[in-house]
Amino acid sequence: MKVLILNGSPRAKSNSAAFAQAFKEGAESAGHSVEILEIGKMKIGGCLGCEYCHKAGNGQCVQKDDMQIVYPKLAEAEVLVLASPIYYWSFSGHMQSLISRFYAIWKPAAKKYAMILSSGSPEVYDAPISQYRSILDFFGAEDLGIKTFCGRGSQATEENLAAVRAFGASIR
Ligand SMILES: Cc1cc2nc3c(=O)[nH]c(=O)nc-3n(C[C@H](O)[C@H](O)[C@H](O)COP(=O)(O)O)c2cc1C
733 MKVLILNGSP RAKSNSAAFA QAFKEGAESA GHSVEILEIG KMKIGGCLGC EYCHKAGNGQ
793 CVQKDDMQIV YPKLAEAEVL VLASPIYYWS FSGHMQSLIS RFYAIWKPAA KKYAMILSSG
853 SPEVYDAPIS QYRSILDFFG AEDLGIKTFC GRGSQATEEN LAAVRAFGAS IR
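Here it is, written out as structure tokens:
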């Protein structure tokens with residue numbers, strides 16, 4: 733399958749980047765074709781709610797930012813993986829902005845999703861997990877799994893990376 737991993741961390745050498753790479757390695761070992769998009773480093777504004785996309789825009793967003801790179805990938809990927817740090821009990825702003833921009837295309841093509849969250853503290857995942865499940869329900873998509881990691885400093889331990897590689901290798 734064609735797998736697109738969206739890394740929502742804006743940080744260099746982030747936990748989310750390490751997990752995205754480990755998921756890629758695992759999924760590739762199982763024969764999938766995988767691309768990581770560093771959306772945390774892109775310029776992606778939140779949806780303006782202007783409805784241009786559903787009127788004169790005919791499915792095109794009025795904002796010409798880095799979503800122009802992302803939209804064609806969303807049209808092709810069969811699996812979408814959301815990798816995000818937790819910011820104030822939710823997704824990073826980059827990830828949240830990107831999700832709001834689904835509005836122009838209504839639904840990405842992917843019918844399967846997975847999610848990897850990284851936080852400083854444990855038990856801070858209720859909001860993004862609830863949002864993720866509601867979105868999948870709305871899209872009629874399948875959840876391939878969720879992994880969460882927490883702690884100060886690097887979470888890219890061999891144990892955690894091996895768990896994410898196995899996660900990537902497990903998708904069907
Ligand atoms: C703006 C901001 C908000 C954060 N909010 C939370 C939070 O609400 N709960 C938490 O446990 N960690 C919070 N953190 C810590 C990050 O989630 C944590 O360091 C995470 O591992 C960063 O992931 P990354 O390395 O992929 O960027 C926050 C960090 C930042 C910069």
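Residue numbering for the sequence shown follows this note's numbering, starting at 733 and increasing by one per position.
Idealized CB from N, CA, C, for every residue including glycine.
Runs of 4 residues minimum, wholly inside the region 763 to 807: which ones carry the alpha helix (DSSP H) assignment?
none
Compare the Cα-Cα distances from PHE755 to each of ARG884, SER886 and LEU876 and report the closest residue.
LEU876
Let me know the secondary structure DSSP gives PRO860 once reduced to three states.
In the structure shown, PRO860 sits in a helix (DSSP, three-state: H, G or I).
Following a CB-centred definition, is SER746 positioned closer than 8 Å to any heavy atom of ligand 1?
yes
Going by the C-beta, is ALA749 closer than 8 Å to any heavy atom of ligand 2?
The model depicted lacks ligand 2 and carries ligand 1 instead.
Quick check: GLY900 and ALA815, are their CB atoms within less than 9 Å of each other?
GLY900 is not a Cβ neighbour of ALA815, given a cutoff of 9 Å.
DSSP state of MET733, grouped into three classes?
coil
Should GLN887 go down as buried or exposed, given a rule of 16 or more other Cβ atoms within 10 Å for buried?
buried
Which parts of the region 835 to 901 are runs of the beta strand (DSSP E), unbroken and 3 residues or longer, counting only runs that do not cross its ends?
844 to 851 and 874 to 882
Could you give the distance in angstroms between the alpha-carbon of GLY825 and the alpha-carbon of ILE861?
16 Å
Using a Cβ distance threshold of 8 Å, determine whether the region 770 to 783 contacts the region 822 to 836, with at least three qualifying pairs required.
Segments in contact, yes.
Neighbour flag for ALA873 against chain C, beta carbons, 9 Å:
The structure shown contains no chain C; it holds only a single protein chain.
Where ALA716 and ASP798 are concerned, what is the direct C-alpha to C-alpha distance, given to the nearest angstrom?
As shown, the chain starts at 733 and ends at 904. That puts residue 716 outside it, with no answer to give.
Among SER746, VAL856 and ILE768, which residue has its Cα nearest to the Cα of THR880?
When only C-alpha atoms are compared, the closest one is VAL856.
Exposed unless 16 or more other CB atoms sit within 10 angstroms - verdict on PRO854:
exposed
So, at 6 Å on beta carbons, what are the nonlocal neighbours of PHE871 in its own chain, with the 5 sequence-adjacent residues on each side left out?
LYS839
Taking 8 Å as the line, does the beta carbon of PRO742 fall inside it for any heavy atom of ligand 1?
yes
May I have the straight-line CA-CA distance separating ILE903 from VAL794, to the nearest angstrom?
35 Å
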